[in-house]
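Asker: Before we start, here is the structure in question, set down as structure tokens.
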Amino acid sequence: MTTTSPFDQNSLPLGGLRVIELGQVLSGPFAGAILSDLGAEVLKIEKKEGGDDARHMGPAFHHGDALNFHLFNRGKKSIALDLKSQTGLDALHELLKDTDILIHNLRPGVTESMGIDGKSLCATYPKLIYCEISAFGHEGPMRLRPGYEPLIQAFSGLSSTNGGPDDPPIRIGASVCDQGTGMWAVIGVLSMLEKRRHTHHGGVVNASLLETALVWNGQKSEAYINQQQLPVRHASGHPNFVPYEAFDASDGPLLICCGNDRLFAKLSAVLGQEQWINDPKFSTNRQRLVHKSELLAQLCPLLLKQSRDHWVQAFEGVGVPCSAILTVPQALENPQVQALNLRLPVPGQTFKLTGLPLSFDGLRPPIKSGAPQLGEHNEDFNL
């Protein structure tokens, strides 16, 4: 069982590192939250009026700030500066003298206008690792355009591959581009940290929502480029396996995943359809792909005869991967999810937040503190 432990700040993997985050809303702040949970001191630099826009994106949850702000900014220190003033820029440079990593996802062109772009700061602070997150990437004709999660999903083709055959393009519910880019940013800065250990020099890391989306959609793109196959939407299904999708039982949906012929043989036996195993149309996955509609026409009525709990128990009993399709509350109440102890207490608060999906020697890093109030830590740095 994964548990939390009272880690000392410096005993966490990134203890002793300082990060400056010039983050707005999600991708930059998510990267900062990961680094904070891993032990780094994260100084969140916010504008004096209003701070991070995410503070107001949604109903007030705590201290007047929206719930998502608390989720993605836990464990940080807030410093409010006017970076459009020389006083604010001077304060930032003073902090940069002892900073290892800077992460920002400000609108393209803003850092250049203030003289705090990667090239400039790395020239002044050679050991600095400077990570820039953009919407469309650091190169190309659209590099200066801003962008948000649904826009990038639409532009990248990701939405066009989501949903069922007759559905319109559908946004993936989770912020896979924003949060995925935050993850790639962290991977990039950690890689650069290892390089710096040998070279004693930092450098610039670039990540973008568009590149993340294109990577997530890589299987579809490669099939089109290399095999001239246009993406087909399969709802819960998979283009390369049959049966491998959601089906209706008598009382609700369940997902069945037969990822190879051995699993299909076990499913056939449970259903009392051993003849499928020797049927040349169904005996191999490649043939099942060709004759999918014919197989499902026989399979679907059989599954409707019993409850999904019956089928889950029967299929799991022989090793066929399957699951009831759960709602969010059902998933959170599941004993397996609860055993992972992913929702962690926030020191000094009455609520919990979702922690990192990582453990070290069986211990999950704790949340060190709640999200800061705007400018809460200015005095700590004599600002």
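So in our numbering the end of the sequence shown lands on 1067, straight run, no missing numbers.
Cβ coordinates follow ideal geometry from the N, Cα and C atoms, glycine included.
Closer than 7 Å by C-beta to glutamine 990: which residues in its own chain qualify, once you throw out the five before and the five after it? Chain order, please.
Answerer: Answer for glutamine 990: Ala933 and Ser934, listed in chain order.
Asker: By the 10 Å Cβ neighbour count, where 16 or more other Cβ atoms means buried, how is methionine 685 classified, buried or exposed?
Answerer: Here methionine 685 scores only 48 on pLDDT, less than 50, and its place in the model should not be relied on; the value that follows carries that caveat. Flag for methionine 685 reads exposed.
Asker: In chain order, what residues of the same chain have a beta carbon less than 7 Å from the beta carbon of leucine 773, not counting five sequence neighbours either side?
Answerer: Cβ neighbours of leucine 773 beyond the five flanking positions: Leu767 and Met798.
Asker: Does glutamate 1054 come out as helix, strand or coil in the three-state DSSP assignment?
Answerer: Residue identity check: residue 1054 is glycine in the sequence provided, not glutamate. Residue state, collapsed to three classes: coil.
Asker: By DSSP, does valine 996 sit in helix, in strand, or in coil?
Answerer: Helix, per DSSP.
Asker: State the beta-bridge partners of serine 1007 as determined by DSSP.
Answerer: Leu939, per the DSSP bridge assignment.
Asker: Note the first and the last residue of the continuous alpha helix (DSSP H) segment covering aspartate 721.
Answerer: Taken as a continuous stretch (DSSP letters only), the alpha helix (DSSP H) holding aspartate 721 covers 711 to 721.
Asker: Just to confirm before moving on: does the CB-CB distance between glycine 1059 and alanine 869 stay below 8 Å?
Answerer: No, they are not a contact pair.
Asker: Express the C-alpha separation of threonine 808 and valine 889 in angstroms, rounding to a whole number.
Answerer: Each residue's Cα considered, the two are about 17 Å apart.
Asker: Is proline 1029 helix, strand or coil when you go by DSSP?
Answerer: The answer is strand: DSSP assigns proline 1029 an E or B state.
Asker: Does the contact criterion of 3 or more C-beta pairs under 8 Å hold for the region 820 to 837 versus the region 890 to 903?
Answerer: Yes: the two stretches touch, three or more of their Cβ pairs being nearer than 8 Å.
Asker: Does the Cβ of arginine 970 have 16 or more other Cβ atoms within 10 Å, making it buried, or fewer, making it exposed?
Answerer: When all chains shown are included, arginine 970 counts as exposed.
Asker: Determine the closest residue to lysine 781 out of Leu722, Lys732, Arg702 and Leu719, with distance taken between C-alpha atoms.
Answerer: Checked all of Leu722, Lys732, Arg702 and Leu719; the closest Cα to lysine 781 is Arg702.
Asker: Please report the distance separating the alpha-carbon of valine 873 from that of alanine 819.
Answerer: C-alpha separation (whole angstroms): 18 Å.
Asker: Tyrosine 928 by DSSP, collapsed to three states: which one?
Answerer: Here tyrosine 928 sits in strand by DSSP.
Asker: Can you tell me whether DSSP reads asparagine 752 as helix, strand or coil?
Answerer: Helix, per DSSP.
Asker: So, at 7 Å on beta carbons, what are the nonlocal neighbours of glutamine 1022 in its own chain, with the 5 sequence-adjacent residues on each side left out?
Answerer: Excluding residues within five positions, none has a Cβ falling inside 7 Å.
Asker: Would DSSP call tyrosine 809 helix, strand or coil?
Answerer: Looking at tyrosine 809 - three-state DSSP - the assignment turns out to be coil, as it is neither helix nor strand.
Asker: Would you report the Cα separation of proline 810 and glycine 886, rounded to the nearest angstrom?
Answerer: Distance between the alpha carbons of proline 810 and glycine 886 is about 6 Å.
Asker: Among His922, Leu983 and Gly848, whose alpha-carbon lies nearest the alpha-carbon of phenylalanine 931?
Answerer: It is Leu983 whose Cα lies nearest to the Cα of phenylalanine 931.
Asker: Taking the straight line between their C-alpha atoms, what separation do you get for aspartate 1045 and proline 697?
Answerer: Computed Cα separation, rounded: 12 Å.
Asker: By DSSP's criteria, asparagine 1062 is part of a beta bridge. Which residues make up the other side?
Answerer: None; asparagine 1062 has no bridge partner.
Asker: Taking the C-alpha atoms as reference points, what is the distance between glutamate 796 and leucine 805?
Answerer: Between glutamate 796 and leucine 805, the C-alpha separation is close to 10 Å.
Asker: Per the DSSP calculation, lysine 728 is bridged to which residue(s)?
Answerer: Glu705 and Ser762.
Asker: Go ahead and pull the three-state DSSP assignment for asparagine 890.
Answerer: Strand.
Asker: Tell me which residue opens and which closes the beta strand (DSSP E) that threonine 783 is part of.
Answerer: Threonine 783 -> no beta strand (DSSP E), and no H or E assigned at all.
Asker: Return the CA-CA distance between leucine 938 and serine 844, expressed in angstroms with no decimal places.
Answerer: So the two alpha carbons sit approximately 24 Å from each other.
Asker: Could you tell me which residues DSSP puts in a beta bridge with cysteine 815?
Answerer: Answer by DSSP bridge pairing, in chain order: Ile787 and Val889.
Asker: In whole angstroms, what separates the C-alpha of threonine 1034 from that of isoleucine 1009?
Answerer: Roughly 31 Å separates the two Cα atoms.
Asker: What residue range does the alpha helix (DSSP H) around lysine 989 cover?
Answerer: No alpha helix (DSSP H) contains lysine 989, which DSSP labels as neither H nor E.
Asker: Assuming the contact rule is C-beta atoms closer than 8 Å, glutamate 929 and glycine 921 should be a hit. Round their C-beta distance to whole Å, please.
Answerer: Right, the Cβ-Cβ distance comes to about 3 Å (below 8 Å), so this counts as a contact.
Asker: Using C-beta distances below 7 Å, list every residue in its chain close to cysteine 942, excluding the 5 sequence neighbours before and after it, in chain order.
Answerer: Phe925, Pro927, Tyr928, Phe948, Leu951 and Val1004, listed in sequence order.
Asker: Is leucine 1026 closer than 8 Å to histidine 754 when the C-beta atoms are compared?
Answerer: Contact flag unset, no.
Asker: Suppose the cutoff is 6 Å on Cβ atoms and the five residues either side in sequence are ignored; what does the same chain contact list for leucine 706 look like?
Answerer: Once the five neighbours on either side are set aside, the close Cβ partners of leucine 706 are Ile729, His788 and Leu790.
Asker: So the beta strand (DSSP E) histidine 746 belongs to, where does it begin and stop?
Answerer: Run containing histidine 746: 744 to 746, per the beta strand (DSSP E) assignment.
Asker: Taking the alpha-carbon of leucine 710 as reference, which of Glu733, Asp737 and Asp721 has the nearest alpha-carbon?
Answerer: That would be Asp737, whose Cα lies nearest to the Cα of leucine 710.
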